[in-house]
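Please read the structure below before turning to the comments.
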Amino acid sequence: MLASIAELKEAAEGRPAELIRERSPERKVIGYFCNYVPEEIIHAAGHIPLRLVKGGEREAEAAGGDYLNLNSCSFAKSCVGLRGEAHDPLYGEVDYLAEAPACVQMEWALEIWEKYFGVKTLPIGLPRNFRSPDGLEYFIREVRDFAKGVEAIAGRQIQPEALLSSIRLYNEIRRSLRELYELQREDEGPLRWSELFTLVQAGFVLDRARYLEGLKQVCREIGEVRRSPGNPKEEPRLLLLGSILAAGDDKVIQMADALQARIVMDDLCTGSRWFWEPVEEPTLEGLARRYLEKSPCGTLPVLQSAENPRRKRLEELMEEYRIDGVLYYTLRFCDAYAFKAEMEKRWLEEKGIPVLHLDSDYSSSNQGQIRTRLEAFLEMLRTRKERLKIEN
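Numbers given in the working numbering equal positions in the sequence shown, counted from 1, plus 2.
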C-alpha cells in the first residue's frame, strides 16, 4: 500500500477523537447512510458531514437484529447495531442523522435511530420516478427543505458564497478520485482495487479539505513511483457491482487480491457512484439535479424512461475499461439487488460478459465456498481470454 494511502487510512481510524474536539453547540456532526444526501449543504452550513458505512462486524449485525426483523440485510442491521449495543465510537459522535433512503430497510434504520436512540433526523424524500420532470421538481423541494433544517440547527442561513465554496471543494475531490480511477484503464494500473476502496472509504469520514490534500499527495506519490510496466500480465479485467460494500466487509476484495484477480472498476455506492459526476450549477437546484440524475442506485425502478440509465452507464464502463467479467455481489436479504441478479446476469451474458454472482453476509461461514467459486471463475476467464486472443 502506498504510504499516502496508509496515512489517510490511519487518519480515518483516528477520526472519532478529532470529532470530539471539533464539534460544538454551533457545529454539529450530521451523519447519513445513502449517497443521495447532498453533503455540500451540511458542509456549507459549517457542520461536519459523516457518511456512516461501516460493516463486516458480526457483533454489530447481531445487535441491530434486536431492532430489525430477521430478513433485514447485514448492512441495515449494522447501521442500527453500531449506534446501539455495539457502541461504535464514530457512530456515537453523531448529533443528527440525515437520510434519503433508497430502500425500505434504510427507512427503518432512520426511524430506529430517532425512536430508540433519541437522535433527531433530517429525512429527504427520494422520488421513485427519478428521471421525470415531476420527480426532479419534488426532489428540489426536498433539498430546499433539507437546507432549511440544516440552517435551523446552525442558527444561521447558508450564504451563497459558502455554498459555492463547498461545491468547489467537493467537485475537486470528485475530480481527483476520478483521475485515480481512470488510471485503472491502463494495462497495468498503479493501484490495486483494495487500495482504491480504502482511499474512497477514508473520504466518508475525514475533514473534506484534509481529504483533498491527501488525494493530491496520493497522485504525487503515484507520479514518483510509477515505472514502465514492461510486459504486463494479461489478467482478466473485472467490474464489481451490486449491493453496498461497507468498510470492513472486505472478504471478496481480500480474496480477489490473494488470487491476483484484477478489479479495474466498480459500480458501487461506496465506490465510483459516490463521486463520478460533478455539480454543474452551484445552487440548491443544481445540487438536487446532480444527486437525482447521477448514476442511479440499483434499488430505484426505471419508470417513464425510454432507456435504463444504469445499464447505459454499465455499457460505457465495460467498453472504456475493457471488462472481461463481472463480479455481482449481493448482501443476503438485500432484496433489490438480489431480485435483479438473474435479469442482470442474463443481460450481461447476452453482451458476452461472464458473470459470477456472490451472495453473502457478514459471517465467515461461506468464505471457502466464495474462494472456490472465485478461483473457478478466474480460471474460466483466463482460458476464455487466451482463446479469444488466438482467434483474433
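Here a beta-carbon is modelled for each residue, glycine too, at the ideal position from N, C-alpha and C. If you're wondering where the values come from, they're calculated on a predicted model, not measured in any experiment.
Residue from the options with nearest C-alpha to residue i
| i | options | result |
| --- | --- | --- |
| M108 | L92, R146, I126, L289 | I126 |
| P2 | G273, G288, R264 | A question about residue 2 goes unanswered here, because the residues of the chain that appear run from 3 up to 394. |
| F277 | L319, L179, E346 | L179 |
| P298 | L360, C36, L358 | C36 |
| A164 | E388, L390, I44, E87 | I44 |
| L383 | P356, Q371, Q369, W349 | P356 |
| H89 | G66, L72, N71 | G66 |
| C271 | E12, E9, Y34, S26 | Y34 |
| D251 | Q262, C75, S134 | C75 |
| M320 | L261, Y69, L350 | L350 |
| E381 | Q262, N368, L316 | Q262 |
| R386 | E153, E236, S362 | E236 |
| M267 | R133, E352, E184 | E184 |
| F132 | G354, P311, K353, E318 | P311 |
| K342 | E190, R313, E317, R324 | R313 |
| G120 | V152, K347, D147, G86 | G86 |
| E190 | S134, D136, N173, Y323 | Y323 |
| G171 | G225, E317, G205, P135 | Reading the sequence as shown, one finds Leu at residue 171 and not Gly. The residue with the shortest Cα to Cα distance from L171 is G205. |
Bridge-paired residues (DSSP) for residue i
| i | result |
| --- | --- |
| R53 | Y34 |
| L360 | Y331 |
| D268 | L242 |
| A249 | K56 |
| S26 | R29 |
7 angstroms Cβ cutoff met for residue i and residue j
| i | j | result |
| --- | --- | --- |
| R1 | Y364 | The structure shown does not extend to residue 1, since the chain is modelled only from 3 to 394, so the question has no answer here. |
| K56 | A211 | no |
| L208 | A14 | yes |
| A111 | V39 | no |
| I255 | S196 | yes |
| R334 | M257 | no |
| S245 | T332 | yes |
| L92 | A62 | no |
| R194 | D326 | no |
| A290 | I142 | yes |
| A46 | I160 | yes |
| Q186 | S6 | no |
| L247 | L329 | no |
| L138 | L294 | yes |
| L4 | E188 | no |
| L70 | A78 | yes |
| R105 | A338 | Before going further, note that residue 105 is Cys rather than Arg in the sequence given. A contact, by the Cβ cut-off of 7 angstroms. |
| F379 | L360 | no |
| R23 | G48 | no |
| G216 | L10 | yes |
Neighbourhood of residue i by C-beta, 7 angstroms cutoff - its chain only, sequence neighbours within 5 removed
| i | result |
| --- | --- |
| P103 | C36, E109, L112, L128 |
| I169 | E42, V281, P284 |
| N233 | Note that N233 has pLDDT 47, beneath the 50 cutoff, so the model's placement of it is unreliable and no number is given. |
| G58 | A248, G250, D251, D252, Y364 |
| A8 | none |
| A149 | I43, I160, L286 |
| C336 | C75, S245 |
| E346 | Y330 |
| N73 | F335 |
Close Cβ partners of residue i (< 8 angstroms) along its chain, the five nearest in sequence each way excluded
| i | result |
| --- | --- |
| S230 | The predicted position of S230 is uncertain, since its pLDDT is 48 and thus under 50; no value can be drawn from it. |
| E116 | L99, K122, T123 |
| G16 | none |
| L21 | V31, I50, L52, L92, E95 |
| R25 | V31, I50, E95, D97 |
| G273 | L198, F199, V202, L242, L247 |
| P18 | P91, L92, G94, E95 |
| G157 | E28 |
Chain-order list of residues whose beta-carbon lies under 6 angstroms from that of residue i (same chain, five-residue window excluded)
| i | result |
| --- | --- |
| R130 | P303 |
| E144 | I126, G127 |
| A260 | none |
| R275 | S297 |
| R315 | S297 |
| Y140 | P129 |
| R348 | none |
Residue-level contact to chain C via CB, residue i, 7 angstroms cutoff
| i | result |
| --- | --- |
| A263 | No chain C is present in this structure, which holds just one protein chain. |
Those runs of the beta strand (DSSP E) which lie wholly inside the stretch 281-338 and span at least 3 residues: Fully enclosed beta strand (DSSP E) runs of 3 or longer: 327-333.
Length at least 3, wholly inside the stretch 86-168: the beta strand (DSSP E) runs in chain order: Contiguous beta strand (DSSP E) elements confined to the stretch 86-168 occur at 98-101, 122-125, taking only those with 3 or more residues.
Every unbroken alpha helix (DSSP H) within the stretch 178-235, with a cutoff of 4 residues, ordered by chain: Counting only runs of 4 or more, we get 195-205, 210-227.
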